[in-house]
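Numbering (the numbering used here), first residue to last: 168 to 1147. For each residue, glycine too, the CB sits at the ideal point set by N, CA and C.
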């Protein structure tokens, strides 16, 4: 492979660049003056008297759907981009755009660690990147890399070379943009703050002072490592940055004080964003296929047998073992010939045969090195062996698929290990195990492989198995003293710097071994597997762990492959059986997504805000609906079944990372198949349910409507409320040496003082808009009614009238004035079950059917082939085989909404096609399930069913029922058939 080919206009990167550059639109530019002006950046003025800077930020936040919040006094701009989405490329392109638009030519890139620094420098220096940006901008980046100063014999001290060359670079170098790269350690070093004998511009002898003179733009990578209150950030400010652009997936946190539901102040951690202008969240990254999905492979044993015995240490006389079982740890010390039954009762026939300072040999021949693990119930193999075997087998399955394509993709597998010696030593257990497993897999594949290229690649692999793998560890020393050292140096070069060589199809190396040294600052787009043979500690971010393998792969020509779904296979043992769940939760939490599985005690501000945003409603209207449906208490706590109502009616708020993007290898597929041969029996009912109609009220004259509205007002006379004033007093009291607050509320004479907050004309306008009724009709109705509306002129009255009148219409529509359903289109398809041409789909999204899954068998007459459901009652229905049923189906969520008078709708849950006893004709049956034991239908539900009967008319025979948890579906069906 010659090199990577970067794409110029990836939408998510272009939007980030455009947003960042737009922050500075129309800011006043002050060009440098004086004898040193050719070495200095122009200055963009943050204050111009017109609030241009905050206006620009607010406009960007609005466009990018970010909470509108500006820190006017901060020169920090935040760009949030998730791991693997091209952050380094994005800020590099931003550098070129800022140079093109504003003439800025001096930038400082600050990174937290040496490994990230090495990765950044490799990217900026690469031939591919230099050619890519030169083609677009006609310029290249000149790098100034600040390194630690080595001791010298000169008596005079000199400024660090990179600082000297950066500050002294002039605008006359027209084809270059000056970029200094520095890590946190160097920023905090004495080197950057002490005075040197030889200065710059004949006046600056301290590096920070010299840098500050050029008014640089600063870019911070991984901002969570640079909290604004920390020493490193204080030192960054000594460089006098004009603006600080912070790029990262994670940002620093700060503590704020908020009031709880009791009004008491409590501490809360929030992200310390300053001026956030762009976000590309983890959920966005996964759902938009900007990164690979993740499949977790968890090595587990039989139920109840998940335990680990680990060799912690050996001194040659005594071996220290650790037992981890049922989340508890115990330590045991054993000597030669001692039984491991002491460690675990299941290991009764195993004992320590011999031991030295590095190994313990067991009586079954297994050699244990420090850190090796056994399962006490299955100790013929080490746990690591099982995992390595699985990972290598999976690698070759993937490799065969990717290297037999017309345009090939070479996959890489990364192993994280504990014991370096067992890998580096030519006869080390880990190394010999890996090489024997690779050899066995390759030989097996060669027996049947027909593809010419892949067969030759496998044959080349067998020529020297040692060349199939390589390692990088912090203890590695590069040297030229032996063949072994040369080999290690080649490995380091390929792994750390020469990715193109690593991905070459002439190179058999495809397995990489390391500790956690490669976790930050290193990535290879073609890592398709990570096998974790060592613990990372409980405090490590799961997203950070998988981050090394999230980037989309490149093909043999160096082009990014983005038009298909790829997965990173991640192997862990059973001690991390919750790995996938933790990763999903972390992705969703970081992205502000709401969990569908964790049932909260009360409806949170986040839930309310998301519903209002996604369903274009107001808080007041939302809470009216929640009150009407008995969802929450007055203190906003969920009543029984309240959260189920939210899940059923507002599913969009739970759209976190897609269930097929991050999953366990054993997870069931998240699509559910349709038994297409059964659809023909359901077709007539399904197409009727999917007709596109509007509901029309049958009022012959306006007077008839006015009479109805007056009757409504007179019936509701006692239901209006008055907006008034209450007085609350709070007094600090000391009780038992503890300060508290005593609150009293006084209501004058138990009556609320009446206040009208709107003019009558404005009140009529608001009410007319809410009800879609003529203002003249409203005015004359109030005059003719028994209500003195002037006492109730406030927005609360508008809401109450709207809510009550919609209910009134629903209850009276059919009996008092009539309704009609009018088709607005003859087009029915596509639907949840059908394509645009009306043909039935083969599968649909399982989440449209239910959030829960069971492996139980579905009924023979059920339309779908697997059991996804939302309640226990639904599950029972789907499992039930009944001879009267021809076919039935759960109705996918939000697919059927029959309009009901008053702006409401009726959404059934199940559709049944039934046979009469003589099978002469069919009966259609639609069911709405309620997972409660209530027996009587509320009047509202009866009205909705009457509307549904009106909707179907006489075209087909249909019956409706509401099913409660204490009513079996077979009872309802038999009742229906008897009624025929």
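- Under three-state DSSP, which class holds residue 209? Position 42 of the chain shown holds residue 209. DSSP places residue 209 in coil when its eight states are reduced to three.
- Message: Under 8 Å, with one C-beta from each stretch per pair, do the stretch 211-219 and the stretch 287-300 reach the 3-pair mark?
- Response: Here the stretch 211-219 does not lie against the stretch 287-300, with fewer than 3 beta-carbon pairs under 8 Å apart.
- Secondary structure of residue 1066, DSSP reduced to three states: What you label residue 1066 is simply residue 899 of the chain shown in a count that begins at 1. Residue 1066 falls in the strand class under three-state DSSP.
- Item | Rounded straight-line distance, which links the Cα of residue 439 to that of residue 197 | Start at 1 with the first residue of the chain shown, and residue 197 comes out as number 30. Start at 1 with the first residue of the chain shown, and residue 439 comes out as number 272. Roughly 30 Å between the two C-alpha positions.
- One or two residues paired with residue 1072 in a DSSP bridge: Stepping through the chain shown from its first residue, residue 1072 is reached at position 905. Looking at the DSSP assignment, residue 1072 forms a beta bridge with 1066.
- Exposed or buried, which one is residue 572 when buried takes at least 16 other CB atoms within 10 Å? On the chain shown, position 405 is the one that residue 572 refers to. Residue environment analysis places residue 572 among the exposed positions, since fewer than 16 neighbouring C-beta atoms fall within 10 angstroms of its C-beta.
- Message: Is it the case that the stretch 256-264 contacts the stretch 718-731, given that we only count it when at least three CB pairs across the two stretches are under 8 Å?
- Response: Look at the beta carbons and you see the stretch 718-731 not touching the stretch 256-264: under three pairs across the two are nearer than 8 Å.
- Query: Near residue 669, which residues of its chain fall below 6 Å by C-beta distance, leaving aside the five closest residues on each side in sequence?
  - Reply: Taking the first residue of the chain shown as 1, we reach residue 669 at position 502. Hits under 6 Å: 661.
- Could you give the residue range of the beta strand (DSSP E) that holds residue 1077? On the chain shown, position 910 is the one that residue 1077 refers to. Run containing residue 1077: 1077-1082, per the beta strand (DSSP E) assignment.
- Endpoints, alpha helix (DSSP H) assigned at residue 794: As a first step, residue 794 is located in the chain shown; it is residue number 627 there, counting from the start. Under the DSSP assignment, residue 794 falls in the alpha helix (DSSP H) whose first and last residues are 786-795.
- Message: Given a cut-off of 7 Å on the beta-carbon distance, is the pair residue 740 and residue 399 in contact?
- Response: Along the chain shown, one-based indexing puts residue 740 at 573. Along the chain shown, one-based indexing puts residue 399 at 232. For residue 740 and residue 399, no; Cβs fall outside 7 Å.
- Query: Taking the C-alpha atoms as reference points, what is the distance between residue 1152 and residue 974?
  - Reply: The structure shown does not extend to residue 1152, since the chain spans only 168 to 1147, so no value can be given for it.
- Within the chosen definition, does the stretch 172-192 reach the stretch 349-362 through at least 3 CB pairs nearer than 8 Å? Too few Cβ pairs lie closer than 8 Å, so no.
- Task: Could you name the residues that DSSP lists as bridge partners for residue 698?
- Result: If you number the chain shown from 1, residue 698 lands on position 531. For residue 698, which the question treats as bridged, DSSP gives the partners 582 and 738.
- In chain order, each beta strand (DSSP E) run of at least 3 residues that lies wholly inside the stretch 349-416: List check, beta strand (DSSP E) in window: 384-388 and 411-415.
- Query: For the candidate residues 1080, 174, 676 and 282, whose alpha-carbon lies nearest to that of residue 1051?
  - Reply: Along the chain shown, one-based indexing puts residue 1051 at 884. By alpha-carbon distance to residue 1051, the top candidate from 1080, 174, 676 and 282 is 1080.
- Item | Given residue 837 as reference, the closest of 1128, 368, 414 and 1017 once Cα atoms are compared | Your numbering for residue 837 matches position 670 in the chain shown. Nearest to residue 837 by C-alpha distance, out of 1128, 368, 414 and 1017, is 1017.
- Among 510, 302, 301 and 370, which has the Cα closest to the Cα of residue 331? By 1-based counting over the chain shown, the position of residue 331 is 164. Nearest in C-alpha terms to residue 331, of all of 510, 302, 301 and 370, is 370.
- Among 409, 700 and 311, which residue has its Cα nearest to the Cα of residue 477? The residue labelled residue 477 in the question sits at position 310 within the chain shown. When only C-alpha atoms are compared, the closest one is 700.
- alpha helix (DSSP H) runs contained entirely in the stretch 919-960, provided each spans 4 or more residues: For the stretch 919-960, the full-length alpha helix (DSSP H) segments reaching 4 residues or more read 927-938 and 942-951 along the chain.
- Item | Residue range of the unbroken beta strand (DSSP E) whose run includes residue 1192 | Residue numbering for the chain in the displayed model covers 168 to 1147; residue 1192 lies beyond these limits and cannot be assessed.
- Message: Within 10 Å of its beta-carbon, does residue 781 have 16 or more other beta-carbons around it, so buried, or fewer, so exposed?
- Response: As a position in the chain shown, residue 781 is number 614, starting the count at 1. So residue 781 ends up on the exposed side.
- Segment contact flag, the stretch 515-535 with the stretch 711-721, C-beta cutoff 8 Å, min 3 pairs: Contact between the stretch 515-535 and the stretch 711-721 is absent, because fewer than three Cβ pairs lie under 8 Å.
- Taking only runs that begin and end inside the stretch 580-642, name each unbroken beta strand (DSSP E) of 3 or more residues, in chain order. DSSP runs (the beta strand (DSSP E)) wholly in the stretch 580-642: 636-639.
- Task: Pull up the CB-CB distance for residue 775 and residue 768, whole angstroms please, since I reckon it's below 8 Å.
- Result: Against the chain shown, residue 775 aligns to sequence position 608. Against the chain shown, residue 768 aligns to sequence position 601. Not quite, the Cβ-Cβ distance comes to about 15 Å (not below 8 Å), so this is no contact.
- Determine the DSSP secondary structure at residue 964, reduced to helix, strand or coil. Translated into positions along the chain shown, residue 964 becomes position 797. Looking at residue 964 - three-state DSSP - the assignment turns out to be helix.
- Message: Here's a check: name, in chain order, each residue in its chain whose Cβ is nearer than 8 Å to the Cβ of residue 992, leaving out the five neighbours to either side.
- Response: Counting from one through the chain shown, the residue named residue 992 turns up at place 825. Counting only Cβ-Cβ distances below 8 Å, and skipping sequence neighbours, we find 859.
- Task: Give the C-beta separation of residue 586 and residue 538 to the nearest angstrom, bearing in mind that I take them to be a contact with Cβ-Cβ under 8 Å.
- Result: Here residue 586 refers to the residue found at position 419 of the chain shown. Here residue 538 refers to the residue found at position 371 of the chain shown. Between residue 538 and residue 586 the Cβ distance is about 5 Å, and since that is below 8 Å, they are a contact.
- Item | Cβ distance (whole Å) where residue 1065 is taken to contact residue 1114 below 8 Å | Numbered from its first residue, the chain shown carries residue 1065 at position 898. Numbered from its first residue, the chain shown carries residue 1114 at position 947. Yes, residue 1065 and residue 1114 are in contact; Cβ-Cβ is about 6 Å, under 8 Å.
- Query: Is residue 723 helix, strand or coil by DSSP?
  - Reply: Within the chain shown, the letter at position 556 stands for residue 723. DSSP places residue 723 in coil when its eight states are reduced to three.
- Task: Go ahead and label residue 722 buried or exposed: buried means 16 or more other beta carbons lie within 10 angstroms of its beta carbon, across all protein chains shown.
- Result: The residue given as residue 722 occupies position 555 in the chain shown. Buried is the call here.
- Message: Taking the alpha helix (DSSP H) that residue 277 belongs to, which residues open and close that run?
- Response: Translated into the one-based positions of the chain shown, residue 277 becomes position 110. Run containing residue 277: none in the alpha helix (DSSP H); it sits in the beta strand (DSSP E), 273-278.
- Item | For residue 522, the first and last residue of its enclosing beta strand (DSSP E) | Sequence index remark: in the chain shown, residue 522 carries index 355 (1-based). Note, residue 522: beta strand (DSSP E), 519-522.
- Task: Please state whether DSSP places residue 1026 in a helix, a strand or coil.
- Result: Counted from its first residue, the chain shown places residue 1026 at position 859. Taken through DSSP and simplified to helix, strand or coil, residue 1026 comes out as coil.
- Task: Please list, in chain order, all residues of the same chain as residue 255 whose beta carbon is under 7 Å from its beta carbon, the five residues on each side excluded.
- Result: Stepping through the chain shown from its first residue, residue 255 is reached at position 88. If you ignore the 5 residues before and after residue 255, its C-beta comes within less than 7 Å of the C-beta of 287 and 290, all in its own chain and listed in chain order.
- Query: Where does residue 1049 sit, in a helix, a strand or coil, going by DSSP?
  - Reply: Translated into the one-based positions of the chain shown, residue 1049 becomes position 882. Coil, per DSSP.
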